[in-house]
Amino acid sequence: SGILVEDKIREFFPILHQEVNGKPLAYFDNAATTQKPIQVIEALRKYYELDNSNIHRGAHTLASRSTDYFENTRRLVKEFINAPSSEEVIITKGTTESINLVASTFGRKFIAKGDEIIISTLEHHSNIVPWQLLCEEKGAILKVIPIHDTGELDLVAYRQLLSEKTKLVAVVHASNALGTINPIKEMIQQAHKYGAKFLMDGAQSTAHLDIDVQGLDCDFFAFSAHKVYGPTGVGFLYGKRELLEAMPPYQGGGEMIKEVSFEKTTFNDLPYKFEAGTPNIGDVIAFGEAIKFVNNIGKETIRNHENHLLKHAVERSAEIKGFIPIGTAKAKVSVLSFGINNIHPFDVGLMLDASGIAVRTGHHCTQPLMDRLQVEGTVRASFAVYNTIEEIDRLIESLKRISKRKN
Ligand code: PMP
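Numbering-wise, the UniProt record's numbering comes out as the position in the sequence shown, counting from 1, plus 11.
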């Protein structure tokens, strides 16, 4: 792993080189979506200029080229998360769809009345609502792992929630609202002792942490391309082969079938069984370039850089009067979530925007977590590979000025 040269990295991101409200843009909304390097943008353009064709069925050259590029991204993802095979990598439109796929198909087949599903207080709405819908339909019971005030899961309570009734545990790898990294491997081992399956929401971890679905032994892993320097509208679901094979299809349509007659339809092999209809071909192909971009820098280098930024931000936040850190877990991805005494998070966000600084404010699609922490929302600055110490210093100086008015 090399040493990160920020200026070189930033050259790959055209969007960063602009002024917002008369100030250079400092983009700290990376947990919502990352910016895209030029390689991704050019791959998308090249696809539509040269290769555009529907995949998997044409006899002609463009169709087979598109298919090859599309399937190449699946192979890159397989390696990126260390899945045993490409057939266990389902292409979806995002983490949300990946989780819904499991809820509707695994859920339809394997969850019955009285069964229990465990989630956690840290979950994003997309890892809460699909399970609520399923539990309502099936008469199953949803249990929630509580947290400590630091934003870390209460693992003693988790062990007490697990039982022979537990059929599935669905937990976020890294929290989008606070950054907490959960001790997922240990949690998976404990779930497996009771025969429960484990789904990881990797939306916030895949850009920052090494992902090894075999090493972790998770049963399902979901993530979104757009949080890993790739396009929106593309996501992935890894599932263990025996589970995917036992699960009924998700949506019906073209591509997911072997043979269709009005009497009986047979379904296609993995992964196509779960991929009805024409997918987001160009964006899937372009995501391959995002994976290469991350691999070229190396996750370890990225993580060291982001940890360095976070450490600097946390240290300097002590200079801000009325700064209220929210989420102080020991293990965190590069998320700084906070409040400023006497100022609404939304107003903090607006004032930062006036200085060209982009943060997210609000509940971050984690309303139950906000309720638990007894805050309406937070201000969230989340860092990526292209952020710099100078940008963090600007954030801190702006927050000092903003806070001074009311503290
Ligand atoms: N889970 C987590 C932890 C997230 O941060 C997000 C995106 N904010 C999602 C799930 C949903 O991802 P998407 O909107 O890309 O489907």
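Even glycine gets a Cβ: it sits at the ideal position worked out from N, Cα and C.
These numbers come from a predicted model, not from an experiment.
Can you tell me whether residue i sits near the ligand PMP, meaning its C-beta is under 7 Å from at least one heavy atom of the ligand?
i, result
"H135", "yes"
"T106", "yes"
"H219", "no"
"D62", "no"
"H237", "yes"
"D212", "yes"
"A42", "yes"
"C376", "yes"
"N138", "yes"
"Q215", "yes"
"V183", "yes"
"G246", "yes"
"N187", "yes"
Going straight from the alpha carbon of residue i to that of residue j, what length do you get?
i, j, result
"S12", "A123", "The pLDDT assigned to S12 is 41, lower than 50, so where the model puts this residue is not dependable, and the model offers no usable value."
"R170", "V180", "12 Å"
"L133", "T177", "19 Å"
"A202", "Q385", "30 Å"
"Y38", "I400", "13 Å"
"A301", "E274", "44 Å"
"G250", "S272", "29 Å"
"N398", "K19", "12 Å"
"V88", "G299", "8 Å"
"L255", "E147", "23 Å"
"E270", "G288", "15 Å"
"K332", "R416", "10 Å"
"T84", "E99", "13 Å"
"I128", "V224", "21 Å"
"V359", "K411", "11 Å"
"N318", "S131", "25 Å"
"I152", "P141", "13 Å"
"P379", "A74", "46 Å"
"A297", "L248", "18 Å"
"K322", "E387", "26 Å"
"D230", "L210", "6 Å"
"T372", "N418", "20 Å"
"V51", "A168", "43 Å"
"T116", "I268", "16 Å"
"L15", "K47", "18 Å"
"H136", "G190", "16 Å"
"A54", "G69", "21 Å"
"V344", "I313", "11 Å"
"F23", "S328", "30 Å"
"G162", "M381", "11 Å"
"I292", "I354", "45 Å"
Tell me which residue opens and which closes the alpha helix (DSSP H) that residue i is part of.
i, result
"V305", "292-308"
"Y169", "166-172"
"R405", "400-415"
"L255", "252-257"
"residue 5", "There is simply no residue 5 to check, as the chain begins at 12 and stops at 418 in what is shown."
"V140", "140-149"
"E267", "In the sequence under discussion, the amino acid at residue 267 is Met, which differs from the Glu named in the question. First-last for M267: undefined, no H or E at that position."
"I199", "195-204"
"I192", "Premise fails: I192 is in no alpha helix (DSSP H) and is neither H nor E."
"P379", "378-384"
"L55", "49-57"
"K19", "17-22"
Under 8 Å, Cβ to Cβ, is there at least one residue of chain C near residue i?
i, result
"E98", "The structure shown has no chain C; it contains just one protein chain."
So residue i is in the beta strand (DSSP E); what residue range does that whole segment cover?
i, result
"L179", "177-183"
"residue 431", "The requested residue 431 is not part of the displayed model; the chain covers only 12 to 418."
"I351", "346-351"
"K154", "152-156"
"T372", "371-373"
"K208", "208-212"
"T277", "276-278"
In chain order, which beta strand (DSSP E) runs of at least 3 residues are fully inside the segment 66-131? The segment 66-131 contains these whole beta strand (DSSP E) runs: 100-103, 127-131.
With three or more beta-carbon pairs closer than 8 Å as the criterion, would you say the segment 55-65 touches the segment 192-211? no
Three or more C-beta pairs below 8 Å linking the segment 26-37 and the segment 304-319: no
For a minimum of 4 consecutive residues, which ranges assigned as the alpha helix (DSSP H) are wholly contained in the segment 215-254? Counting whole runs of 4 or more residues, the segment 215-254 contains the alpha helix (DSSP H) stretches 224-227.
Touch check for the segment 345-361 and the segment 184-191: three-plus C-beta pairs under 8 Å? yes
Do the segment 364-381 and the segment 401-418 make contact, defined as three or more Cβ pairs closer than 8 Å? yes
Touching or not, the segment 229-243 and the segment 205-220, by the rule of three or more beta carbon pairs under 8 Å? Under the three-pair Cβ rule at 8 Å, the segment 229-243 counts as touching the segment 205-220.
What are the uninterrupted segments assigned as beta strand (DSSP E) that are 3 or more residues long and contained completely in the segment 313-342, given in chain order? 334-336
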